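Novice: With my numbering applied, the sequence shown corresponds to residues 2 to 158, in that order. After the structure tokens below, expect a handful of questions from me.
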Amino acid sequence: AEYGLITSSFWVGSGIAGVLFGNLADHFDRRWVIGLSMIASAPAFFFLPVTDGGLAFALAIAAGALSGASHSIIVVLAQDLLPGSRALASGLIRGLIVGMGALGNFLIGWMAETIGLNVAFQIVAGAIVLASLLALALPKQNRQPIDTTPKPVPTRV
């Protein structure tokens, strides 16, 4: 029951942070928002397996919030890369996020059984630091104003 509650805390944090950090990415360079949120999650992942009680819940929420905050930003990034196929880009990137999450769960489970859960999570924290640095290599955001003027409706004669 405790693991279920911690896992739920992780996902609730991720959902709420997705909205908040998406708003930040609308105002600041999304590469930095993704990179900083990811690197900020590394300490939470590093210390999560060696804590319990209230601190474990706080770290689970922080890990979920900071690592999941970039998901909505990544979807928008994919849509910008395929502007003529936004629905395809959204489905493709969400599928990749879920698929890579499943692969990551498999690898973390294998590592946990092989070398121990604590070391597995600490390796994950190191991988997160590397990934956060790679986020800076993402394409720079085009800041084009959104055209909100009404378009003329074609009429049939």
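Here a beta-carbon is modelled for each residue, glycine too, at the ideal position from N, C-alpha and C. Note that the coordinates shown come from a computational prediction; the quantities given were computed from them, not determined experimentally.
(1) The alpha helix (DSSP H) spanning LEU137 covers which residue range?
(2) Can you find at least 3 beta carbon pairs, one from the segment 105-123 and one from the segment 47-59, that sit closer than 8 Å?
(3) Is LEU83 helix, strand or coil when you go by DSSP?
(4) When you compare the segment 17-33 with the segment 73-93, are there three or more beta-carbon pairs, one atom per stretch, that lie closer than 8 Å?
(5) Check whether the Cβ atoms of HIS72 and ILE40 sit closer than 9 Å, and answer yes or no.
(6) In whole angstroms, what separates the C-alpha of LEU82 from that of GLY92?
(7) Does DSSP put ASP30 in a helix, a strand or coil?
(8) Quick check on SER86: buried or exposed, where buried means 16 or more other Cβ atoms within 10 Å of its Cβ?
(9) Taking 8 Å as the cut-off, does the segment 121-130 touch the segment 55-62 (at least 3 CB pairs, one atom from each stretch)?
(10) Leaving out five residues before and five after ILE7 in sequence, what residues of the same chain have Cβ atoms less than 8 Å from its Cβ?
Specialist: In short:
(1) In the sequence shown, residue 137 corresponds to position 136, counting from 1. Neither: LEU137 is in no alpha helix (DSSP H) and is coded neither H nor E.
(2) yes
(3) In the sequence shown, residue 83 corresponds to position 82, counting from 1. The answer is coil: DSSP assigns LEU83 none of H, G, I, E or B.
(4) yes
(5) Along the sequence shown, one-based indexing puts residue 72 at 71. Along the sequence shown, one-based indexing puts residue 40 at 39. No. Outside cutoff.
(6) For the purposes of this step, residue 82 is taken as residue 81 along the sequence shown, with counting starting at 1. For the purposes of this step, residue 92 is taken as residue 91 along the sequence shown, with counting starting at 1. Their backbone Cα atoms lie some 13 Å apart in a straight line.
(7) On the sequence shown, residue 30 is found 29 positions in, with the first residue counted as 1. In this structure, ASP30 counts as coil in the three-state DSSP scheme.
(8) Translated into positions along the sequence shown, residue 86 becomes position 85. So SER86 counts as exposed.
(9) no
(10) The residue given as residue 7 occupies position 6 in the sequence shown. Around ILE7: ALA57, PHE58, ALA61.
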